[in-house]
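Everything below concerns the one structure shown next.
Protein chains in written order, with the working numbering: chain A, 2 to 324; chain B, 8 to 334; chain C, 98 to 389.
Following this line, the structure appears as structure tokens:
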């Protein structure tokens, strides 16, 4: 069963120019115990998707349609009080900026004990759990470190503490929003390794958002590729990265300089810009930047099976089959 | 023989105010760096946060004072120049900043921003409308952009405006600090291609500062790897990529995960956290995190050793058999 | 296409006005403020009577067609005195705020951008001035040189300078570290140019908000001093002296105190609305974001 199952989700923002349709008919799922990566560039709707899952949306946002099923319950139908009870216990988050996620005037130990307020444990037991979690994310000398303040830790350590705190309640779902973007590459590798180890141990589902294809390739089991508010491709990381079925996925992979082994002076790009989400063009959302655009693209493509468990929203797939 | 820019043993020292745990003193953000940037070539400085790469760039651009060493631009010493004496050189040495929108004065229109160099340098006789049009075309922005303000343009467009104003006066040396930071992968290439094209057209030398080795690989002629204010390896880009010698270079290369789930990972895992520049480790500054460190590394500062196409500072370099590595 | 002239950016003032009138709060504030300004400027033509002409037989009348707000104890037309009183109030408020902004900008920018010792010196000056309670300070000066409009203006201006100066200093200090200032330096921009072209425009917006909110305070101060008999000299109409007369005569007629209070309330409400709306509009990044 899926921990998180999103079906046909559409979210818009009211703006002075009209409705900005940030998410349109988005469907995806996080199976139990799997790490699912969402990859996409700015404006693809990643942040809107997360805010819709945890129901912390901007005041001008409106859910047009769809369901966000978490362990079978539709989160969009829950009361605010029920959501509050879920956040931090069943659904935890790790944010992009490790420098701003901790309260600067409380010790790390105090913060790690405070978040266990729902548990019926003694102070000593809570402290012990906090210590164990710190050790688990690889903070040396955790007992002494609990008495220190956030500013006494480096960025990489703070992000590890954030992960420790997020996983302390043994959530069913961890949402990690670009958790390594603010970190140096050598630390990024370390965080990913820890995340993977911890996930193995706790067995929670992870939704990992990143624009870094290499990180997704290394960490995730499955990947969801988003473009301009739509899911354009889903599948196992191996299938999608080795045989991308959607032209956008292919172009994105080609643009990553890490992919290009031979020195080149001219790097590949995707010409054009993402469409205006207030005045959406009809048909395929990627058509005006796609090098394989053809007549069929005037109609919006549905998600089609491109391979074993791999799906993409492109007319080429269905055309190939019928041909 | 002499390069456009010759940096020799440059030290940039900052005074540190004493805190609860430390006494007042000074810290060397850049600690004895030497490198040459040739006319028309691209030099990449690679390093992570706190490596001093931005400080070095700003010292060359005259925004920080170098405390020791020398910075020779076409044979002229830049170190210690007062602002008045530096000003004419600012036509030739220009800088692009990390934050594309934050480095544009928020109340100025794009036209004012890109023609500002003319006004600052007192070239008021120029037809600024024509210059604005020329510069916008050069960086691939439509003329309508002249009327926009920084808050009305995207990060990628702001980058182009940054390039336009940097190149307004046809400089000879462009210092680009993280020119692709915050850009999407699909746009990153456009920015780098633009720089490469302008370099070919204008014969510009570029000093590019970045943490992204993948970027450096394709667009630079030479690279220098910085760690804790010092260069640890330096050489021709292709040679460094083919046979990295310093363990830190190896770690950096390995830390750029490839977008391929089956990639053969040759991972060099670093231990612990980068040390604070306030407490620079003795001996080789990298030994606290180096997976190959030996007792000698903790006591003896490694000297520069030549390698194929470059040089490095490591007692126990990787010692690649380049032929084996290529296969 | 290359011959087409470059598009001109829209003027900043036009942008601000455009967004201001679309905000109900801003529109209301703007209308009230414009009405007050118009009545003050056009006082000689609007006021039906001479504000200081005595007409003792008609004294202490209630509102009527002839006297919209009645008359005072000397038979002067209250409505005319309210209109002329507004002129006096703005005669005090505008030069006061203008002067305070000018000196506040000058000192604040020097303190924020200049060397540390100068900053310390200017901040010390600000703190010294601020440590005097405004009203006490005003009373002392008035006692020394006698009550007059100019004294009131000078006293309020001097005591307002630190308010503006501190805001400017703080803004300048945070802007000084901004990357665009470093970028300008890298192009060789001189310090005066950085201050005038790059710092000033970014400081003016918040300052305009502060000034709009401050005008009612100044008007209130002038009224307060006049109420105490330390401000504008008697025959000259002032909202404060109207209030004072109304206070003394409250048993005879309530109209005087109402007539003195309404313009003060309107001024406060109008300028505060305007200031609140300006706050959302002066920062181009926040404009039209549909926020609050």
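Even glycine gets a Cβ: it sits at the ideal position worked out from N, Cα and C. Owing to the predicted nature of the structure, the values given are computational and were not obtained by experimental measurement.
Rounded to the nearest angstrom, the Cβ distance from residue 209(A) to residue 36(A) is 6 Å, consistent with a contact under 8 Å. DSSP lists 21(A) and 62(A) as the beta-bridge partner residues of residue 14(A). One alpha carbon belongs to residue 362(C), the other to residue 106(B), and they sit about 47 Å apart. In terms of Cβ geometry, residue 235(B) and residue 155(B) do not form a close pair [threshold 8 Å]. Taking C-alpha positions only, residue 247(B) is separated from residue 230(B) by approximately 8 Å. Per DSSP, reduced to three states, the secondary structure at residue 72(B) is coil, with no helix or strand assignment. Among the residues facing chain C, residue 104(B) is included, as its CB has a counterpart in that chain under 8 Å away.
C-alpha of residue 61(A) to C-alpha of residue 348(C): approximately 55 Å in a straight line. If you ignore the 5 residues before and after residue 166(C), its C-beta comes within less than 7 Å of the C-beta of 160, 175, 176, 179, 352 and 356, all in its own chain and listed in chain order. For residue 16(A), no Cβ of chain B is located within less than 8 Å of the residue's own Cβ. In the structure shown, the three-state DSSP call for residue 169(C) is coil.
Rounded to whole angstroms, the separation of the alpha carbons of residue 376(C) and residue 108(C) is 18 Å. Residue 319(B) is bridged by DSSP to 240(B) and 312(B). In the three-state DSSP reduction, residue 56(A) falls in the coil class, being neither helix nor strand.
Rounded to whole angstroms, residue 219(B) and residue 259(B) show a C-alpha spacing of 9 Å. With its beta carbon less than 8 Å from one in chain B, residue 282(C) belongs to the interface.
Closer than 8 Å to the CB of residue 257(B) there is not a single CB belonging to chain C.
Beta-bridge partners assigned by DSSP to residue 311(A): 308(A). Assignment of beta-bridge partners to residue 141(A) by DSSP yields no partner. Among the CB atoms of chain C, none fall inside 8 Å of the CB of residue 147(B).
Residue 111(B) is a Cβ neighbour of residue 165(B), given a cutoff of 8 Å. Under a criterion of Cβ atoms nearer than 7 Å, the residues of chain B adjacent to residue 275(C) are, in order, 109.
Three or more pairs of CB atoms, one per stretch, sit closer than 8 Å, so the region 200-214 of chain C contacts the region 257-264 of chain C. Here DSSP, grouped into helix, strand and coil, assigns residue 234(A) to strand. Taking the Cβ atoms as the reference, residue 309(B) lies roughly 18 Å from residue 278(B), outside the contact range of under 8 Å. Residue state for residue 150(A) is assigned as coil, using DSSP reduced to three classes.
When C-beta distances to chain B are compared with 7 Å, the residues of the region 140-159 of chain A below that value are 155, 157 and 158, in chain order.
In its chain, beyond the 5 residues on either side, 19, 21, 59, 62, 236 and 284 have a beta carbon closer than 7 Å to the beta carbon of residue 36(B). Neighbours of residue 290(C) in chain B, taken as residues at a C-beta separation under 8 Å, are given in chain order as 127.
Contact annotation for residue 260(A) against chain B: 265, 266 and 267 [CB-CB distance below 8 Å, chain order].
With respect to residue 113(A), residue 134(A) sits close: the two C-beta atoms are nearer than 8 Å. The shortest CA-to-CA distance from residue 249(A) to any of 222(A), 220(A), 268(A) and 285(A) is the one to 285(A).
DSSP, reduced to helix, strand and coil, places residue 50(B) within a strand of the structure shown.
For residue 277(B), there is no enclosing alpha helix (DSSP H), as DSSP gives it neither H nor E. Excluding the 5 residues flanking it on each side, residue 70(A) has same chain C-beta neighbours closer than 8 Å at 3, 5, 6, 7, 8 and 76, in chain order. According to the DSSP assignment, residue 16(B) belongs to no alpha helix (DSSP H) but to the beta strand (DSSP E) extending over 12-23.
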